[in-house]
Amino acid sequence: MARKRPRLAVWKFSSCDGCQLSLLDCEDDLLAIAERVEIAQFLEASRATAPGPYDLSLVEGSISTPEEIERIKAIRMQSRHLITLGACATAGGIQALRNLREFDQVLASVYAHPDYIDALATATPVSDHVEVDFELRGCPVNKGQLLEVLNAFLNGRPPNVSTYSQCIECKRSGTVCVMVAKGQPCLGPVTQAGCGNVCPACGRGCYGCFGPAEQANTGALSDQLAALGMTERAVRQYYRLFNNNAPAFREESKRHE
Amino acid sequence: MQADGSNPARVIFKEGLQVLLDRLKAAGYQVIGPTVREGAIVYRPIDTVAALPAGIVDEQAPGRYRLGEIRVGEQRPLFAHVVGPDSWKRWLHPPQQLMWRAERKKRGIVFVSASAGGQPPRALLGVRACEIAAMRIQDRVLAEGEWPDAGYRERRKGVFIVAVNCGRAGGSCFCASMGMGPEVTEGFDLALTEQVDAESHRFVVTAGSPSGQRFLDVLPGQPASEEALRRAREQTAKTAAHMGREMPADAGSVLRASLDHPHWEAVAGRCLHCGNCTMVCPTCFCTSMEERTALDGKGTERWRQWDSCFNASFSYLHGGPIRNSGAARYRQWLTHKLAHWEAQFGTAGCSGCGRCVTWCPVGIDITEEVRALGTPQETMRHDGG
Chain Z
73 MARKRPRLAV WKFSSCDGCQ LSLLDCEDDL LAIAERVEIA QFLEASRATA PGPYDLSLVE
133 GSISTPEEIE RIKAIRMQSR HLITLGACAT AGGIQALRNL REFDQVLASV YAHPDYIDAL
193 ATATPVSDHV EVDFELRGCP VNKGQLLEVL NAFLNGRPPN VSTYSQCIEC KRSGTVCVMV
253 AKGQPCLGPV TQAGCGNVCP ACGRGCYGCF GPAEQANTGA LSDQLAALGM TERAVRQYYR
313 LFNNNAPAFR EESKRHE
Chain L
160 MQADGSNPAR VIFKEGLQVL LDRLKAAGYQ VIGPTVREGA IVYRPIDTVA ALPAGIVDEQ
220 APGRYRLGEI RVGEQRPLFA HVVGPDSWKR WLHPPQQLMW RAERKKRGIV FVSASAGGQP
280 PRALLGVRAC EIAAMRIQDR VLAEGEWPDA GYRERRKGVF IVAVNCGRAG GSCFCASMGM
340 GPEVTEGFDL ALTEQVDAES HRFVVTAGSP SGQRFLDVLP GQPASEEALR RAREQTAKTA
400 AHMGREMPAD AGSVLRASLD HPHWEAVAGR CLHCGNCTMV CPTCFCTSME ERTALDGKGT
460 ERWRQWDSCF NASFSYLHGG PIRNSGAARY RQWLTHKLAH WEAQFGTAGC SGCGRCVTWC
520 PVGIDITEEV RALGTPQETM RHDGG
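Protein chains in written order, with our numbering: chain Z, 73 to 329; chain L, 160 to 544.
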């Protein structure tokens, strides 16, 4: 008996499209996925769309406008499973920096006519608005982890996505610690593994693209960053990158205001 | 000294060391040795003596590692460094390993065991006394128990060990206080003691196995004089007297008596629980398993990878992690390493190499932590971990 292929939809909210590009970047693997699922909606790949309901929705981007709140609710209602992709969808993204400021000032500093703009004062993760089945971190997401999440979904098992620190990945791969061997600041000890230790392998510190690791002890890391010569301001800004609105990073940055 | 009173040790020079590498390769060994990468001395495959860290010395302190230069006259010593972020476990108990694969066939599921073979036997060059001690500790865990790890046993059985007596102790070294170094006394095939002065650069070589002796007998050089052997012993004794750190003698009993000490919370406040200490530790052996299924569901592979007791998920049982605080995890690691390992495997689980001290990003020093835990204080409330 031929089983009906699960229907997949890919959605974009406030974001740069980089996570969707990671999916396109899967190339041959994407073809294998396309054999196993019906791609019902993926505007970055095809303008052909099909109506819901969907078995799996992949969502990129943060919720930043009133329209997006309504749209994500509608998508949730049409989706059996909903997985968010990337720093924007899981933590609010770089645009969540506006959450720390007066929104009117932010608007006025960017747009000649702020009154034309209908946006929320905050950029927030999808999980603040609807129930999310799994959050895949990264700015952008890692191709291998994205395939793993799709693979796990297709095979009905939990994905192998670890929540421990970036250091575990560096040490397994034999990358030398830039903090200990070069005195460079690095967010790796408080950042979730998964990127493939991209930055430390190039001799520079981690920027925290994959968000806080489980039970991250950011306070202890900040003390060490200061000992390595970072100013209070630099420490604050270090946590205010792509995952600035992830609770552990947000609270630690506020400690350095 | 042999039974007939003759002294089989030899003195060789850098050329002789290259001959040794060539002969090991000719005998089918892949030679792994210390070499500089990314600002540190790591263990990687090497072909020539030129790949060794000539004239390089490592300055180590808690949370700090830097390479510097060292010259003795015009000579550049090859083994002036101590140990770096790699340990030999990278080669004997690798970070990732395929255990088996399974395929879904018409008649059912077929399991295929992943062969431990397919890799050449390895010659490990520049192995220190603390590292031999660490291998012996892992042997008890991985090869000598009721359920030996076949892959580890095969890799371990095939290794040829060229050890080095440390001519210098590093800032984080404390092997002497653990009784595990710095003199190489057992578990090696050849042992080198590097002797460098303004006039010459030579290695006193002794054999620790019949196989080592066969290699030694044909190395170009000269028989070692009693004087050369005495100087080698003196040099190693001097290293022992200059350890960067010292583990308190009664560490195991201190820890057993301090399970409720408030200092566990204090150290947890500094600990990043990033897991670096366990990754660089040459005796930490913990792993976790992962299923990697084929997209079409027709096959799966089971992979094993290094894991750490500092990861909350590592102690996950039904309902949540059983060690859910940094204090509980730090205590688990330190008490296992220095106290409970003894009850479990008959030795301490620490060889005093100091890697966990140097490579902790915030420089937590286990010798200092044991000292603090040995200082009586009001006992802390048990956190259930």
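For glycine and all other residues, C-beta sits at the position ideal for the given N, C-alpha and C.
From a predicted model like this one, the values you see are computed outputs, not experimental measurements.
Mind listing the chain Z neighbours of residue i? Cutoff is C-beta to C-beta under 8 Å, in chain order.
i	result
L/Arg249	Gly246
L/His432	Ser237, Gln287, Asn289
L/Ser467	Tyr236, Ile240
L/Gln464	Arg244
Please compile the residues from chain L whose C-beta is within a distance smaller than 9 Å of the C-beta of residue i.
i	result
Z/Tyr310	Under the 9 Å cutoff, chain L gives no residues; its nearest Cβ is about 14 Å from Z/Tyr310.
Z/Gly268	Under the 9 Å cutoff, chain L gives no residues; its nearest Cβ is about 13 Å from Z/Gly268.
Z/Val307	Neighbours of Z/Val307 on chain L: none; closest Cβ ~14 Å, over 9 Å.
Output, in chain order, the set of chain L residues within a Cβ distance shorter than 8 Å of residue i.
i	result
Z/Glu286	Asn470, Ala471, Ser472
Z/Val213	Per Cβ cutoff of 8 Å: no residues; Z/Val213 is ~17 Å from chain L at best.
Z/Ala64	Not covered by the structure: residue 64 of chain Z. The range shown for chain Z is 73 to 329.
Z/Ser234	Asn470, Ser472
Taking only the alpha-carbon atoms, compute the straight-line gap between residue i and residue j and give it to the nearest angstrom.
i	j	result
Z/Pro212	L/Val323	46 Å
Z/Ala81	Z/Arg143	14 Å
L/Ala498	L/Gly411	4 Å
L/Trp250	Z/Gly164	42 Å
L/Trp120	L/His360	Residue 120 of chain L is absent from the model: chain L starts at 160 and stops at 544.
Z/Ala265	Z/Leu208	12 Å
L/Glu233	L/Lys248	35 Å
L/Glu528	Z/Glu323	29 Å
L/Ala487	L/Ser417	13 Å
L/Trp259	L/Arg315	20 Å
L/Gly544	L/Arg266	Any answer about L/Gly544 is weak, because its pLDDT of 41 lies below 50 and its placement is not dependable; what the coordinates show is given next. Rounded to whole angstroms, L/Gly544 to L/Arg266 spans 47 Å at the Cα level.
L/Arg287	Z/Gln92	50 Å
L/Phe362	L/Arg327	15 Å
L/Ser510	L/Thr517	15 Å
Z/Leu259	L/His477	31 Å
L/Gln189	L/Gly428	44 Å
Z/Ala112	Z/Pro123	7 Å
L/Ala162	L/Ala168	At L/Ala162, the pLDDT of 47 sits below 50, so the modelled position is not reliable and the matter cannot be decided from this model.
According to the Cβ coordinates, are residue i and residue j closer than 8 Å?
i	j	result
Z/Pro197	Z/Thr162	yes
Z/Arg276	Z/Gln296	no
L/Ile291	L/Gly329	no
Z/Ser129	Z/Trp83	yes
Z/Glu220	Z/Val233	yes
Z/Ser245	L/Cys433	no
L/Ala213	L/Ser246	no
L/Leu532	Z/Ala292	no
L/Met406	L/Thr526	yes
L/Arg203	L/Phe504	no
L/Asp308	L/Arg404	no
L/Ala282	L/Leu183	yes
L/Cys512	L/Cys289	yes
Z/Thr137	Z/Ser199	no
In the DSSP output, what is residue i paired with across the bridge?
i	result
Z/Ile155	Z/Leu130, Z/Phe206
L/Phe473	L/Phe473 pairs with nothing; no bridge assigned.
L/Ala199	L/Arg196
L/Glu228	L/Ile215
L/Arg480	A small correction: the amino acid at residue 480 of chain L is Pro; Arg does not occupy that position in the sequence shown. Note: L/Pro480 sits in a beta bridge opposite L/Tyr475.
L/Leu351	L/Val323, L/Val364
Z/Ile111	Z/Leu80
Z/Gln296	BP columns for Z/Gln296 are empty, so no partner.
L/Lys496	L/Lys496 is not bridged to any residue.
L/Met402	Partner(s): none; L/Met402 has no beta bridge.
L/Trp259	L/Ser272, L/Arg461
Give the interface partners of residue i over in chain L, defined as CB-CB distance under 7 Å, in chain order.
i	result
Z/Met251	Pro520
Z/Arg77	Residues of chain L passing the Cβ test: none, with the nearest at roughly 12 Å.
Z/Asn227	Thr452, Gly456
Using a Cβ cut-off of 9 Å, pull out every chain Z residue sitting near residue i, in sequence order please.
i	result
L/Pro254	Lys243, Arg244, Ser245, Gly246
For a contact meaning CB atoms closer than 7 Å, what does residue i contact in chain Z?
i	result
L/Gly192	Result: empty, since nearest Cβ-Cβ is about 15 Å, beyond 7 Å.
#### Entry: Contacting positions in the stretch 476-505 of chain L - beta carbon closer than 7 Å to chain Z
Gly485
#### Entry: Members of the stretch 304-334 of chain L that neighbour chain Z once the beta carbon cut-off is set at 7 Å
none
#### Entry: Within 8 Å of chain L by C-beta, residues of the stretch 140-171 of chain Z in sequence order
none
### Query
When you check each C-beta in the stretch 200-215 of chain L against every C-beta of chain Z, which residues fall closer than 7 Å?
Val201
### Near-chain Z residues of the stretch 368-379 of chain L (beta-carbon distance less than 8 Å), N- to C-terminal order
none
### Near-chain L residues of the stretch 258-283 of chain Z (beta-carbon distance less than 8 Å), N- to C-terminal order
Cys258, Gly260, Pro261, Val262, Gly275
### Query
Which residues, in chain order, does the stretch 438-451 of chain L contribute to contact with chain Z at a C-beta distance below 8 Å?
Met438, Val439, Glu449, Glu450, Arg451
### Query
Of the residues that make up the stretch 232-248 of chain L, which ones have a beta carbon closer than 9 Å to any beta carbon in chain B?
Protein chains in the displayed structure are Z and L, and chain B is not among them.
### Task
Can you give me, in chain order, the residues of the stretch 90-110 of chain Z that have a beta carbon less than 9 Å from any beta carbon in chain L?
Asp101, Ala104, Ile105, Glu107, Arg108
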